[in-house]
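Q: Protein chains in written order, with full-length UniProt numbering: chain A, 1 to 534; chain B, 1 to 537. Just so you know, even glycine gets a beta-carbon here, dropped at the ideal spot from N, CA and C. Sharing a structure below in structure tokens format, with a few things to ask.
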Amino acid sequence: MQVPRYQGPAPHVLKRDTSEEKGEEARMSSFIGALALCDLVKTTLGPKVLADGMDKILQSANGDIIVTNDGATILKSVSIDNAAAKILVDISKTQDDEIGDGTTSVCCLAGELLREAEKLLDAKIHPQIVVSGYRIAANAAQKALQDAAMDHGANFEQLKEDLFYIAKTTLSSKLLAQSRDHFAKIAVEAVLRLKGSTNLDHIQFIKKTGGNLSDSYLDEGFILEKSLGVGQPKRVENAKILIANTPMDTDKIKVYGARVRVDSYNKVAEIEEAEQKKMMEKCQKILNHGINCFVNRQLIYNRPEQFFTDHGIMAIEHADFDGVERLALVTGGEVVSTFDHPELVKLGHCGLIEEAMIGEDRVIRFSNCAAKEACTIVLRGANKQILDEAERSLHDALCVLSQTVNHSKVVYGGGSAEMLMAKAVDEAAKTIPGKQSLAVEAFARALRAIPGIVADNAGFDATELISEMRAAHQKGEMEAGIDIHNGRIGNMAKLHVLESFKLKSYMVSSATEAAEMIIRVDDIIKAAPRRREE
Amino acid sequence: MSLIFDEYGRPYIILQEQERKTRIKGLDAIRSNIAAARTLSRTLTTSLGPKGMDKMLQSQDGDVTVTNDGATILKEMDVENQVAKLMVELAQSQDDEIGDGTTGVVVLAGALLEQALILLDRGIHPTRISEGFDKACEVCLDRLEQISQKIEFSEKSYDELVKAAMTTMSSKVVNRYSKQLAEICIKAIFSVADFERKDINLDLIKVEGKVGGTLEDSVLVNGIVLDKDVSHPQMPKAVDNAKICILTCPFEPPKPKTKHKLDIDSVEKYKDLQKAEQEYFRDMVQRVKDSGANVVLCQWGFDDEANHLLYQNGLLAVRWVGGVEIELVAMATHGRIIPRFSEISEKKLGKAGKVREVSLGTTHDHVIFIEDCANSKAVTIFLRGGSKMAVDEAKRSVHDALCQVRNLIRDQRIVYGGGSSEIACSLAVSEFADKVSGVEQYAIRCFADALDAIPSALADNSGLSSLETVGALKAAQTKQQNPRLGVDCLGRGTWDMKEQNVYETLLSKKQQIQLATQLVKMILKIDDVIGPTDALT
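This is the structure in structure tokens:
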């Protein structure tokens, strides 16, 4: 029966300026958006031994320049209007938060999965079939990865070695590649100090322009970027430190509505005197703790500072919040805000506090600390951009390492893990009857594309390398991967290219999740952006 | 006036004048309304069933939502048309009442409207159509009662409930983990359910989501999860046998509501004030300590001094806890909310087996778990997922599943899904139509056709030929007298929904048909639409 169509004017259903895309159109728009984003970050994937181009220069609205090849940073900084692209940004951000590295890989894998899906959809395969095929494939890939993972968690020396190689692998794709051995050592040492905690706030970075990247070092003590009060001891041995968070200018009156109202000048003076006395009493109380170093998060005014100087106490003001917290961790002290019970307060201890120089700047170094759960990494480099990028790279490496300390499983890198998964997925495809098997095969192709991109970026013949690798894996050489230095197939076990299992596994699961989410969409409704008040 | 239609039947607007028209009367009004309502139902039709597609919605602020939950799509769609808004409300009321089947109800209403349009073109008066639909609706409800079955479950064996919850979740992104999530939901429901009164207070189940990890990391927490961190970095991170002091007053000197000024005009007064101030802090913390509390939750902040005093007294303190959370914690721990320090007493403290802070991921992200509360009836479903969209979608799915299980406990009768019950109803209605004399007969027959829309949409979405499938199913149902035959969406090779374990609650199905019929009747009654004249300026 022919359904009669309504002949009158079209009713406005959605709000004005709201756009709706349906069916093929919607799919195309989300695929194009996601693929464009993937292509944007794709060229930064993989190690840069030969050239350190392939970074992105990002200039923000207020003119700041960032040079980076960190996927998450790039994605965070570009503003995007495509809904599907936003999903990719979101997964790479989550990858950054959870693991800290692999942000580019996850985005590329999701992109490749979509690229493959597009072909399948063009061949008139229903999106849901593609999705279910991808799910089967993802499970097979995870299983293969699990089987191939090695766990050296029980053996500390071995674990340490693994960590070193993982750090090297992670760093090789970054700016720090030239001196990666050096930085890998720094990263491993810093992470091992955390003793299994994943709180990277306890590792401090100090960036000083000048010098060379390889002049960077890990300071076993703790460095505070502050200068000492005038005339105070520059060096304190066997320091007893009181770490405080208290106003040392004037104590505000906290009673609501209180105000000072006086009727003569004398009284003003009296109250001023009382105020000062109050402060000095506080200082005296602090002194009663029997300390020789006082670190405050807030400002210290001249008078209390002078008081401390008179009593031979080193006083450091304006240590920022993180600094105070870290200092508390390193020295084993408490962060104190009231001073009435010296007997209850745990003081921080350290062997030596001295003023030191890094480059041109004075800093305060705490060494021989009681607890060693925090540390400082001093980065040196030619300019601000290099230092920032170095920090990001090292931070990524630290994230991965800290996760690996807790989940000590590792797999071989250099694309061998991807090839391994692809092989397992291919095998799974053979056992599946029905159209899903096409999607499963597509998944394997997407996995293989990742080492392909790496090879491409390094300037090698990707197609050739991938097929060689595939053949090697088929022969059972599970360690075969790209030897990026020589542009041929190499044994990853011998080259010590390791990656964290958690990173890889998370990459596969979240990329699949994101791809699935985008494939399943058949309708995009975009509300008009909220109008800004002019 | 010339009109061209695109492939979805939406007319292109060519002439500007046609938009200036602000009043439509008579049949045109009904037609216009139906066209508006159909636009929405067409959008949702592709989201029906386990193989339904998702919609991607971008809000005014650029946030992206990906979902196939009917109520959410409609809510986010930013609908302007009045009749379309009725459809949105329809889905909303199904969501509020039942919590599931929101897509179905909109699709059904759309199908009914399409049929009404055919009837209108035959010259049948809208009122007669309404009457016919009404009668048909009653027949449907009777038929549903007939074919409904009671499912058996108890607190120990709840396999049947798991299956039902899984049916609900099968259509969502989360269906990879549907079994695990279904079990989480059922355990959550069981811990808050009052089986004697068949009452379930869903407020006691908090669904908290946090981006990160994977869906497999989702857990049922026997207590409450607060998205906060401990106020002082060195406070204990875990407390066993917690006695929780729940405060809604800030740690600061009193602050009367009336405006006041306190004048200090001498040194003595200044000193007194200073002393009093310190006394306050000490006194407040002392009171907390004396009551025997070892955990403090405060709705407000407290300053460094109070913070340190709390720490020195070995208390774990959390500040800026939201009002809703405060109430939940109070309910869960049998504590009383304490509005003033002078009223702190041991009796008012909440009790929990364990309070701990857990850090997530590599960023400085913490949540606080309050577990094994005195009132075992408060639970939290803590969801994790790879992205914000995934977590949000998981939250919605869990909500649907919770509602489904709740409905089953209230009323154990179920009907089978996969469009089987609609086909059974459709058959019953067309049989009934033959017995009715008069114009209504046509309306009733059209109602039967409209019911077929659900199985056809399911078939279409699963990549099957809808006409072929629905035809075959109808024949098979009549022949085998088996109302359980429905569309085999997942390609499992059987039509029998009992074997496929696809359930829906009788309550939900009845509500769907009733609500859809009511809405259609309402739309058919409108014969004049007057819009604002300045709609375009």
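1. Can you tell which of A/Asp90, A/Asn212, A/His126 has its C-alpha closest to the C-alpha of A/Ala382?
2. From B/Leu113 to A/Ile129, what distance separates their C-alpha atoms?
3. On the criterion of 16 or more Cβ atoms from any shown chain inside 10 Å, does A/Gln146 qualify as buried, or is it exposed?
4. For B/Asn307, go through chain A and note every residue whose CB falls closer than 7 Å to its CB, in chain order.
5. Determine whether the beta carbon atoms of B/Ile224 and B/Val296 lie at a separation below 9 Å.
6. What does DSSP give as the partner residue(s) for B/Met56 in the beta ladder?
7. Could you pull the start and end residues of the alpha helix (DSSP H) that A/Leu299 belongs to?
8. The ligand ZN and B/Thr214: does any heavy atom of the ligand fall closer than 8 Å to the residue's C-beta?
9. Run down chain A in chain order and give the residues with a C-beta less than 8 Å from the C-beta of B/His125.
10. Can you check whether the C-beta of A/Gln128 is within less than 9 Å of a C-beta belonging to chain B?
11. Distance, Cα to Cα, B/Ile189 vs A/Glu116?
12. Cβ atoms of B/Ala390 and B/Cys425: under 9 Å apart, would you say?
13. Could you pull out every residue in the same chain whose Cβ sits closer than 7 Å to the Cβ of B/Cys446, ignoring the five residues on either side in sequence?
14. Bridge partners for A/Ile365 per DSSP, in chain order?
15. Looking at C-beta atoms only, is the number of pairs between the stretch 467-480 of chain A and the stretch 439-447 of chain A that lie closer than 8 Å three or more?
16. Please list the terminal residues of the continuous alpha helix (DSSP H) segment that includes A/Val405.
17. Looking at A/Thr376: is its Cβ nearer than 9 Å to the Cβ of A/Phe205?
18. Residues of chain B with CB closer than 7 Å to the CB of A/Asn245, please, in chain order.
19. For B/Phe195, count neighbouring Cβ atoms within 10 angstroms of its own Cβ and tell me buried if that reaches 16, exposed if not.
20. Quick check on DSSP: helix, strand or coil for B/Thr380?
21. What are the residues of the stretch 49-67 of chain B that lie near chain A, defined by any Cβ-Cβ distance shorter than 8 Å?
22. Listed from N- to C-terminal order along the chain, which residues in the stretch 212-238 of chain B have their beta-carbon within a distance smaller than 9 Å of any beta-carbon of chain A?
23. Quick one: Cα of B/Ser154 to Cα of B/Val139, how far?
24. Would you identify the three-state DSSP class for A/Ala374, choosing helix, strand or coil?
25. In the DSSP output, which residue or residues are listed as bridge partners for B/Ala242?
26. Which residue or residues does DSSP assign as beta-bridge partners of A/Lys208?
27. Which residue wins for smallest C-alpha separation from A/Asp201, given the options A/Pro304, A/Ser509, A/Gly323?
28. Using beta carbons (cut-off 9 Å, strictly below), is A/Lys160 in contact with chain B?
29. Using 9 Å as the limit for Cβ to Cβ distance, is A/Arg530 near chain B?
30. List, from N- to C-terminal side, the beta strand (DSSP E) runs of 3 residues or more that fit wholly inside the stretch 191-241 of chain B.
31. Nearest to A/Ile66 by alpha carbon, out of A/Met517, A/Ile386, A/Asn155?
32. Spatial neighbours of A/Leu398 within its chain, please: C-beta separation below 8 Å, excluding the five flanking residues on both sides.
33. Can you look up B/Glu357 in the DSSP assignment and give me helix, strand or coil?
34. Would you decide whether A/Tyr265 is buried or exposed? Buried here means 16 or more other CB atoms lie within 10 Å of its CB.
35. What's the call for A/Asp340, buried or exposed, on a 16-neighbour Cβ count within 10 Å?
36. Have a look at the DSSP bridge pairing and note the partners of A/Val67.
A: Checking against the coordinates, here is how it stands:
1. Taking the first sequence and counting its residues from 1, one reaches residue 382 of chain A at position 382. Closest by alpha carbon: A/Asn212.
2. As a first step, residue 113 of chain B must be located in the second sequence, where it is residue number 113. As a first step, residue 129 of chain A must be located in the first sequence, where it is residue number 129. Whole-angstrom Cα-Cα distance: 32 Å.
3. Along the first sequence, read from residue 1 onward, the residue named residue 146 of chain A stands at position 146. Flag for A/Gln146 reads exposed.
4. In the second sequence, counting from the first residue as 1, residue 307 of chain B sits at position 307. Here the neighbours are Ser337.
5. Residue 224 of chain B sits at position 224 when you count from the first residue of the second sequence. Residue 296 of chain B sits at position 296 when you count from the first residue of the second sequence. It is not a contact, given that the beta carbons lie outside the stated cut-off.
6. Numbered from 1 along the second sequence, position 56 holds the residue referred to as residue 56 of chain B. Partner(s): A/Ile524, B/Val66.
7. In the first sequence, the residue the question calls residue 299 of chain A occupies position 299. Looking at the DSSP string, A/Leu299 is not in any alpha helix (DSSP H), and its letter there is neither H nor E.
8. You won't find the ligand ZN in this model; it holds no ligand whatsoever.
9. By one-based count along the second sequence, residue 125 of chain B stands at place 125. Those do not exist, as B/His125 stays about 17 Å from chain A at its closest Cβ, beyond 8 Å.
10. In the first sequence, counting from the first residue as 1, residue 128 of chain A sits at position 128. So, interface residue.
11. Within the second sequence, residue 189 of chain B is the residue found at index 189, counting from 1. Within the first sequence, residue 116 of chain A is the residue found at index 116, counting from 1. The alpha-carbon atoms of B/Ile189 and A/Glu116 are separated by roughly 42 Å.
12. Taking the second sequence and counting its residues from 1, one reaches residue 425 of chain B at position 425. Taking the second sequence and counting its residues from 1, one reaches residue 390 of chain B at position 390. No, the Cβ-Cβ distance between B/Cys425 and B/Ala390 is not below 9 Å.
13. Against the second sequence, residue 446 of chain B aligns to sequence position 446. Closer than 7 Å at the Cβ level, and outside the excluded window around B/Cys446, lie Gln115, Ile118, Leu119.
14. On the first sequence, position 365 is the one that residue 365 of chain A refers to. Sequence inspection shows Arg at residue 365 of chain A; the Ile mentioned does not correspond to that position. DSSP, once it has assigned bridges, lists A/Ile223, A/Glu354 as partnering A/Arg365.
15. no
16. On the first sequence, position 405 is the one that residue 405 of chain A refers to. Per DSSP, the unbroken alpha helix (DSSP H) holding A/Val405 starts and ends at 384-406.
17. Position 376 of the first sequence, counting from 1, holds the residue named residue 376 of chain A. Position 205 of the first sequence, counting from 1, holds the residue named residue 205 of chain A. Yes; because the gap between Cβ atoms is below 9 Å, this pair is in contact.
18. Along the first sequence, one-based indexing puts residue 245 of chain A at 245. Counting only Cβ-Cβ distances below 7 Å, A/Asn245 has contacts in chain B at Asp304, in chain order.
19. Working through the second sequence from its first residue, we reach residue 195 of chain B at position 195. Burial call: exposed.
20. Indexing the second sequence from 1 puts residue 380 of chain B at position 380. Of the three classes helix, strand and coil, the one that applies to B/Thr380 here is strand, per DSSP.
21. Here the close residues are Lys51, Met53, Asp54, Lys55, Met56, Leu57, Gln58, Ser59, Gln60, Asp61, Gly62, Val64, Val66.
22. Cβ contacts with chain A come from Gly212, Gly213, Thr214, Leu215, Glu216, His232, Pro233, Gln234.
23. Looking up residue 154 of chain B in the second sequence gives position 154. Looking up residue 139 of chain B in the second sequence gives position 139. If you take the alpha carbons of B/Ser154 and B/Val139, they lie about 33 Å apart.
24. Along the first sequence, read from residue 1 onward, the residue named residue 374 of chain A stands at position 374. The answer is coil: DSSP assigns A/Ala374 none of H, G, I, E or B.
25. Counting from 1 along the second sequence, the entry for residue 242 of chain B is found at position 242. Answer is B/Ala352.
26. Counted from its first residue, the first sequence places residue 208 of chain A at position 208. BP columns for A/Lys208 point to A/Arg380.
27. The residue labelled residue 201 of chain A in the question sits at position 201 within the first sequence. Distances from the CA of A/Asp201 to each of A/Pro304, A/Ser509, A/Gly323 were compared; the closest alpha carbon is that of A/Gly323.
28. The residue labelled residue 160 of chain A in the question sits at position 160 within the first sequence. Output row for A/Lys160: interface = no.
29. Position 530 of the first sequence, counted from the first residue, corresponds to residue 530 of chain A. Yes, A/Arg530 counts as interfacial toward chain B.
30. 205-211, 219-221, 223-226
31. Taking the first residue of the first sequence as 1, we reach residue 66 of chain A at position 66. Answer by Cα proximity: A/Ile386.
32. What you label residue 398 of chain A is simply residue 398 of the first sequence in a count that begins at 1. These residues qualify, in order along the chain: Gly100, Ala187, Ala190, Val191, Leu200, Ile203.
33. Position 357 of the second sequence, counting from 1, holds the residue named residue 357 of chain B. The answer is strand: DSSP assigns B/Glu357 an E or B state.
34. Here residue 265 of chain A is taken as the residue at index 265 of the first sequence, counted from 1. Its Cβ having fewer than 16 others within 10 Å, A/Tyr265 is exposed.
35. Position 340 of the first sequence, counting from 1, holds the residue named residue 340 of chain A. By the neighbour-count rule (16 or more Cβ atoms within 10 Å), A/Asp340 is not buried but exposed.
36. Along the first sequence, read from residue 1 onward, the residue named residue 67 of chain A stands at position 67. Looking at the DSSP assignment, A/Val67 forms a beta bridge with A/Ile57.
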